[in-house]
Amino acid sequence: MVIRYLHYLIDVEELASQANVVQLIMTLRVIGLSFEVSDYYYAQTKPETVTKPKRFLEKEPSLLEIFNYFYHFAGLFTGPYYTYQMLLDSQDEVLLTKWSPAPEIRERALRLCWSVPLFIVFNKLYPLDGLRTDDVWTMSFVQRLFYAAAVFVVFRMRVYSAWAVSESMCVTLGIGIYPADSKPRTVVGPTDLEKFKELKGSSTTAYNSEAVVNLDIPEVVYGFRLDTDPFFCAYFQIEMGEGFRGGIRSWNKSVQSWLALYVYSRVNRLYRVELTMFVSALWHGTYAGYFMSFLIVPMCASVEDIIFKYIPTDPITKQRPAWFRYLYLHTLRFRGFDMLATGFLLKNFSDTHRFWSSLYYWLVLVTLPIYIVDKVLSTRRKSSKKEL
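Numbering (UniProt numbering), first residue to last: 1 to 388.
As structure tokens, this is what we get:
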């Protein structure tokens, strides 16, 4: 906070963006630890309410331990978010003395080989400031769509690179490293607790870093293997997810998990999606562009469900027709995310409204009628069933 407002006191350059990032991560850690401690006390006082296997803190952290967690340098400037319990788990003697982080770091270093060059090239050719002026009106509609896509590439490559470095820092310290057979998940940690207890401290078992993975990059994607072609594995899983839900879940997984654990799963089902998106926008800041982008996502996801309902999956391959996947990806999914990303990046209302107006608010114009018609038809069907 001091760094954020230091330029008001002395003659130094404003460091708003750097300070804001730290505040974002600190917010996650403060609220996350509050829930961890609250759940610990709740499990202690009302053990009968714990119906599913779940890890709880073994004791309440001291003031010094809390301070150490809040300001722990790993992930403080870029993420990923990790729980206090995960930080405690990283102190396992096996992780500190016998486990080697080299394979995990090598995988992320390979990502930098393509994300950094792409970021430099696209950032030079398509700066974000190009969308902040009335010059956008001199472009054709297709050029505007392409510029939005290019700006989104710049943003993705920047965070891909940052997360590759920050995840490497975490795994070097043993944060998020668990036995593979314990089926760890991002932020949650091991989900098979019996297996975790059995394998904890073993120097012969295989470990992975799934608990701090911020991008969904599986071993096999579209026929490519991670150990033979890491570029295509990383690219196709993140970029080629079938829809809005898949893309969001594959992106910034630690924050998505935080929202799922502490917001989505703890509120009423009637408005949990909308409230989760509102909290996500509010967490990023109070700029109008954040809310304009995030609050459209629930409608896009609902419309996506409607479309998918009428295009069934193949019972054997479990996939929708290739023609539909190609058409949907390159229209509503890709171009929709491009438009939403510009709102997120432009931030203020005037710049976002100017550029979205140049795109004729096409995403809203396409999805809103489908959403309204489906709601009307669904209401009529329910009324007809009640009459019968």
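Every residue gets a Cβ at the ideal spot worked out from N, C-alpha and C, and that includes glycine.
Here Trp-323 is exposed: its Cβ has fewer than 16 other Cβ atoms, across all protein chains shown, within 10 Å. Annotation for Val-165: Thr-78, Arg-108 and Leu-112 place their beta carbon closer than 8 Å to its own, counting only its chain and skipping 5 residues before and after. By the neighbour-count criterion, in which 16 or more other beta carbons inside 10 Å mark a residue as buried, Asp-305 falls on the exposed side. Relative to the Cα of Phe-155, the nearest Cα in the group His-353, Phe-337 and Ser-358 belongs to Phe-337. When Tyr-371, Gln-256 and Val-94 are compared, the shortest CA-CA separation from Thr-172 is found for Val-94. For Lys-46, there is no enclosing alpha helix (DSSP H), as DSSP marks it with neither H nor E. Scanning the region 247–312 from its first residue to its last, the whole alpha helix (DSSP H) runs of 4-plus residues come out as 253–262, 272–284, 288–294 and 297–310. Between Tyr-160 and Ser-115, the C-beta spacing is below 8 Å.
The C-alpha of Gly-243 is placed about 20 Å away from the C-alpha of Ile-316.
Rounded to the nearest angstrom, the Cβ distance from Thr-276 to Val-255 is 11 Å, too far for a contact under 8 Å. The residue among His-353, Ile-66, Phe-146 and Trp-258 with its C-alpha nearest the C-alpha of Tyr-287 is His-353.
In the DSSP assignment, Asn-208 is bridged to Tyr-178. The region 54–68 and the region 35–43 touch, with three or more beta-carbon pairs separated by less than 8 Å. For Leu-199, the enclosing alpha helix (DSSP H) covers residues 193–199. The region 172–186 makes contact with the region 199–207, as at least three CB pairs between them are under 8 Å. In this structure, Thr-186 and Ala-162 do not form a Cβ contact; the two beta carbons are roughly 17 Å apart against a cut-off of 8 Å. When the Cα atoms are used, Tyr-310 and Leu-145 turn out to be separated by approximately 28 Å.
In the three-state reduction of the DSSP assignment, Arg-108 falls in the helix class. Taking each of Leu-215, Cys-300 and Leu-24 in turn and checking the Cα distance to Val-273, the smallest one comes out for Cys-300.
Going by C-alpha positions, Lys-195 is about 45 Å away from Gly-289. In the assembly as shown, Trp-258 is a buried residue. Its beta-carbon has 16 or more other beta-carbons within 10 Å. Taking C-beta separations shorter than 8 Å and ignoring five residues to either side along the sequence, the partners of Met-139 in its chain run Tyr-147 and Ser-358, following chain order.
Leu-363 is the residue among Leu-363, Lys-124 and Pro-321 whose C-alpha sits nearest the C-alpha of Phe-334. Residue environment for Glu-167: buried (at least 16 other C-beta atoms within 10 angstroms of its C-beta). Annotation: Tyr-271 to Leu-88 spans about 35 Å, alpha carbon to alpha carbon. With fewer than 16 other CB atoms across the displayed protein chains lying within 10 angstroms of its CB, Gly-201 is exposed. Annotation: the continuous alpha helix (DSSP H) that includes Arg-335 extends over 334–346.
Scanning Ile-372, Thr-51, Phe-344 and Ser-350 for the CA closest to the CA of Phe-291 turns up Phe-344. In summary, Arg-29 is buried, with 16 or more beta-carbon neighbours lying within 10 Å of its beta-carbon over all protein chains present. The beta carbon of Arg-245 is closer than 8 Å to those of Ala-301 and Glu-304 in its chain, skipping five residues each way along the sequence. In the DSSP secondary-structure assignment, Arg-185 is bridged to Gly-189. Burial of Trp-356 is indicated by the presence of at least 16 other C-beta atoms within 10 angstroms of its C-beta. Residue burial annotation: Asn-268 is exposed, with fewer than 16 other C-beta atoms found within 10 angstroms of its C-beta.
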